[in-house]
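Each protein sequence line maps, in turn, to chains A and B.
Once you know that position 49 of the first sequence is 49 in our numbering, the rest is easy, because the numbers rise by one and skip nothing.
Add 1000 to the 1-based position in the second sequence for our numbering, that's all there is to it.
Just so you know, even glycine gets a beta-carbon here, dropped at the ideal spot from N, CA and C.
Number of protein chains: 2
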Amino acid sequence: MSKKITIAIDAMGGENSPDKILNGINIFLKKNINTDDFFLNLFGDKDILEKKLKDLNISSKSLRIINTKSVVSDDETPLTAIKNSKDTSMWNCIKSQIDGTSDISLSAGNTGVLLVISRMILKMMPKVSKPALAGLWPNQKGLNVVLDLGANIECNENNLVDFAELGSALYKSLYPDNKPYVSLLNIGSEEIKGTETLKKTFKKLKSLSNENNFIFNGYIEGTNIMSGESNVIVTDGFTGNIALKTAEGTAKFITDNLKKTLTESIFSKISIIFSYFSLKKFKDKLDPRKYNGAIFLGLNGPVVKSHGSTDALGFYYSIDLCYKIVKGNLIKQITNNLNHLNNDN
Amino acid sequence: MSKKITIAIDAMGGENSPDKILNGINIFLKKNINTDDFFLNLFGDKDILEKKLKDLNISSKSLRIINTKSVVSDDETPLTAIKNSKDTSMWNCIKSQIDGTSDISLSAGNTGVLLVISRMILKMMPKVSKPALAGLWPNQKGLNVVLDLGANIECNENNLVDFAELGSALYKSLYPDNKPYVSLLNIGSEEIKGTETLKKTFKKLKSLSNENNFIFNGYIEGTNIMSGESNVIVTDGFTGNIALKTAEGTAKFITDNLKKTLTESIFSKISIIFSYFSLKKFKDKLDPRKYNGAIFLGLNGPVVKSHGSTDALGFYYSIDLCYKIVKGNLIKQITNNLNHLNNDN
């Protein structure tokens, strides 16, 4: 039997935990009932977790509980957390990667603390200048990787080039049959547009572009992030965070208005009956829970951050993401890409 | 009789011009058939324009044509345009503001050239550090002013404070009965978040906040640009351009998918019949043509840039915007706000 994919889960972080965590695990186990190539390490209060697992009738065949005494609170700042968090579910979850008992960590807890202690415990990969937070966005053809989403407010050209290598490694681990097409987010598509840092990054990415690592598609504007012309979008953490949240806000504005529209009159209510299945498909495609999970890249081990406010289904999708990332050999893909960078740069 | 609101229109700029320009003027004249407090100065080829006005049966009561020999092409760069554009419809359109024959200029032509020659001809207002391009976004309660949308890639705290004063003056000129609530776009709402420039701007805006000029609402995240909690959103031109275009791209992605959904089966097609009027209202609210027109602020005269690719209805909305801006005394509002800045800063 080959080595199992082992996922460390912080069972206590985020809203409505551990309930949503265990319900999410339940969905994952049911969907993977015929596979046994994975194992889950659950970090949290053993008494609570054991009782809830029993209530949900979850067998302990594919998981075990590692008892931890406390939880990182949402108010904790990254600075104080370094001192205070050694007994927490989050800390021990990530530490299990160093101990060799887990391949990847997943938490829905405090983002700032997770980034700081992940970096502290796992440490940066030797050739990476800055780690980055990557997210998944739907596009017209499937899915984009977008990074950085907020780990680094200010970035130079070397950081952005690293992000291109990290993001395309992630894309390859998730979609082994597709090629990563990298674009650099800018305010125009012409070479003369943008900041000096972007112009320098453009030149470097152009010279690094090749069939094995990534194909550089040039600049991309905000209008085309979701067009599907590229599947890895590179930007600094400030811009990426603004773009992500603006897209979320716009989607909410439109769907709120659509909902209001479709329920305001008796005729439009009748229309819902006729379009029920189509609208359900539409809603499913845009369901943010399907894209739940930001991936912290560039450390000696991958860490996935689930939205704190997601529900059981959203948490299930982030477990599934962890499974795919390890199965797709993310760390090996990153190492290969960074070697390429080192040789050519 | 009091002085009329005089709008200078570049009749030759943008796709499908002068046809869409004249059709847009036609809509404006029909909607304002009972008012005679405005006059339109049309700049372009007199022979072509006269013939088309006759074809459309537009009377010359509220407009006149000023003959110009050439047109700024879309390929022209701002640098060469300074030399080449003195005979163009765009140049003469803006110049009429200096000559005192127009109160505001409107063009659907080359954006880069428009910004450069507007600045050259009209010159910056004495107390403004950088002029800014402002746009209108729909929100849950009505409308936002967002600036800068791309005139200035890099901005310091004084530029951003100026944008707050300029944007709230614009908001007051469009909505004389409402108070402007200013927010600063950032990646978090806590005071400690963001770049050093944003932190310095935050402090300055907080100290300038008052009932007469604008009320400072603190930081805002991308998710809330369209929530309606603020109506003036301040950011640098790089971030603003990325946010605007990402919102446009997201809206397109969602509405394209919705369209596909509602036409994919016979049942969903029937549903459209029942929800026709509601969906039309939904579509109307999101119609980008209603928000057509970016306003170049901070010069000794306002200039409005229409989307080059809009149609007659979109161009009508930008004429209407010009009319409201002059009626709301934008330049006086800006002067008042800048005096406040000067006294308190």
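DSSP places Tyr1291 (chain B) in no beta strand (DSSP E); its state is neither H nor E. One thing to note: Asp103 (chain A) has its Cβ within 7 Å of the Cβ of Val326 (chain A). Per DSSP, reduced to three states, the secondary structure at Asn84 (chain A) is helical.
Between Ile242 (chain A) and Leu106 (chain A), the gap from beta carbon to beta carbon reaches 7 Å or more. Rounded to the nearest whole angstrom, the C-alpha separation of Lys4 (chain A) and Thr35 (chain A) is 11 Å.
Shown here for Asn213 (chain A): same chain residues with a beta carbon closer than 6 Å to its own, the five before and five after excluded, namely Asn337, His340 in chain order.
Only residues of its own chain outside the window of five on either side were considered, and among them Thr197 have a CB closer than 7 Å to the CB of Asn156 (chain A), listed in chain order. Here the alpha carbon of Leu170 (chain A) sits roughly 37 Å from the alpha carbon of Asp1287 (chain B). Annotation: Leu1143 (chain B) to Val1116 (chain B) spans about 28 Å, alpha carbon to alpha carbon. Within the stretch 182-253 of chain A, the runs of beta strand (DSSP E) at least 3 residues long that lie entirely inside it are, in chain order, 215-220, 232-234. For Lys1141 (chain B), there are no C-beta contacts with chain A under 7 Å, since the nearest C-beta of that chain is about 11 Å from it. In the structure shown, Lys327 (chain A) adopts helical secondary structure according to DSSP, grouped into three states. Taken through DSSP and simplified to helix, strand or coil, Pro1138 (chain B) comes out as strand. Between the stretch 1160-1175 of chain B and the stretch 1123-1143 of chain B there are three or more C-beta pairs closer than 8 Å, enough to call the two in contact. With 16 or more other CB atoms across the displayed protein chains lying within 10 angstroms of its CB, Ile1007 (chain B) is buried. Selection B:Met1120, B:Ile1058, B:Thr1310, B:Ala1011 evaluated against Cys1093 (chain B) yields B:Ala1011 as nearest (Cα-Cα).
Not one beta carbon of chain A lies nearer than 7 Å to the beta carbon of Ile1007 (chain B). In this structure, the alpha-carbon of Pro78 (chain A) lies about 23 Å from that of Gly1218 (chain B). Using beta-carbon distances, Lys245 (chain A) counts as an interface residue toward chain B, with a partner under 7 Å.
In this structure, the beta-carbon distance from Val1071 (chain B) to Ser1085 (chain B) does not fall below 7 Å. Setting aside the 5 residues that flank it on each side, Lys204 (chain A) is surrounded in the same chain by Glu157, Val161, each with a C-beta closer than 7 Å to its C-beta; the list follows chain order.
Taken through DSSP and simplified to helix, strand or coil, Asn1032 (chain B) comes out as coil.
In this structure Gly1249 (chain B) is in contact with Asn224 (chain A), their Cβ atoms being roughly 6 Å apart against a cut-off of 8 Å. Our two residues, Asn16 (chain A) and Gly188 (chain A), have alpha carbons roughly 43 Å apart in a direct line. Chain A has no Cβ within less than 7 Å of the Cβ of Asn1041 (chain B).
Secondary structure at Ala312 (chain A): helix, using DSSP grouped into helix, strand and coil. Out of A:Ser118, A:Asp45, A:Gln97, A:Lys52, the CA that lies nearest to the CA of Ala81 (chain A) is found in A:Ser118. Against Gly135 (chain A), chain B offers no close residue; the least beta-carbon distance is about 13 Å (beta-carbon pairs closer than 7 Å). By the neighbour-count criterion, in which a residue is buried when 16 or more other Cβ atoms sit within 10 angstroms of its Cβ, Lys20 (chain A) is buried.
Secondary structure note for Ala8 (chain A): its beta strand (DSSP E) is the uninterrupted segment 5-10. By the Cβ neighbour-count rule, Leu56 (chain A) is exposed, with fewer than 16 other Cβ atoms within 10 Å of its own. Chain-order list of chain A residues neighbouring Gly1222 (chain B): Asn241, Ile242, Ala243, Leu244, Lys245, Thr246, Ala247, Glu248, Gly249, by C-beta distance under 8 Å. Counting every other CB atom within 10 Å of its CB across the protein chains shown gives Lys1061 (chain B) a total below 16, marking it as exposed. Taking C-beta separations shorter than 7 Å and ignoring five residues to either side along the sequence, the partners of Tyr1316 (chain B) in its chain run Gly1024, Ile1027, Phe1028, following chain order. With a contact defined as Cβ atoms closer than 8 Å, Leu1149 (chain B) and Gly1167 (chain B) miss out at about 11 Å. Interface annotation, Thr1077 (chain B): not in contact with chain A, CB-CB separation never under 7 Å.
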